[in-house]
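One structure is given below, encoded as structure tokens.
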Amino acid sequence: MRTGAESGNVYDHFTVIFEYTDGARCFHTCRQMPNCNYDNTDYIIGTNGTCAVNGWAPSHVIRGETPWVYEGEHPNMYQVEHDELFASIRNGTPINDGSWMTQSTMMAILGRMAAYSGQTVSWDEALNSAEDLTPTAYVLGKLDVPPVAVPGHYTIPAAAS
């Protein structure tokens, strides 16, 4: 949908399937289109039930053998995050999510690589890729916008051997 020059080469929708070594899969879809219905819910499917978690609305429901509905307060998740961070610093037990943050960022990069290329991309392939999306020079002025990546035609540069 984003066709104007002001949109650059940004995708307006993605679908990525993450598969883990134990066979578990995570299906991720997103859409950034005006005037469309949206759903930001995480759907978790297990052998004995399902769970729906929406971080933006008070809807956390587990259905199955042990059904459960959250009935507590619904504080602002960003405020809680800040409160816990500041408390941990004041108590001398800082929260260090560095490893989690770098791994989740790498997972997002891997998902983009897979979506742009239309190929299966392993963690090691993404981590060792020679792909470089930085500008050729860091200067003020107009930047060239690379063409939109076309799945099936876009290739991910492999690391030098």
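At position 40 of the sequence shown (counting the first as 1) the number is 371 in this note's numbering, and the numbers step up by one without a gap.
Glycine is no exception: its CB is placed at the ideal position from the N, C-alpha and C atoms.
Go ahead and label residue i buried or exposed: buried means 16 or more other beta carbons lie within 10 angstroms of its beta carbon, across all protein chains shown.
| i | result |
| --- | --- |
| arginine 443 | buried |
| tyrosine 471 | In the sequence on display, residue 471 carries leucine and not tyrosine. So leucine 471 ends up on the exposed side. |
| tyrosine 447 | buried |
| leucine 464 | exposed |
| leucine 474 | exposed |
| leucine 441 | buried |
Helix or strand or just coil, what does DSSP make of residue i?
| i | result |
| --- | --- |
| valine 400 | strand |
| tyrosine 409 | helix |
| glycine 423 | coil |
| glycine 449 | coil |
| glycine 377 | coil |
| threonine 436 | helix |
Going by DSSP, what residues sit across from residue i in a beta bridge?
| i | result |
| --- | --- |
| phenylalanine 349 | Cys357 |
| histidine 344 | Arg362 |
| glycine 483 | Partner(s): none; glycine 483 has no beta bridge. |
| glycine 395 | Gly380 |
With a Cβ-Cβ cutoff of 8 angstroms, do residue i and residue j count as a contact?
| i | j | result |
| --- | --- | --- |
| proline 488 | alanine 468 | no |
| alanine 445 | threonine 451 | yes |
| glycine 339 | valine 476 | yes |
| glycine 380 | glutamate 402 | no |
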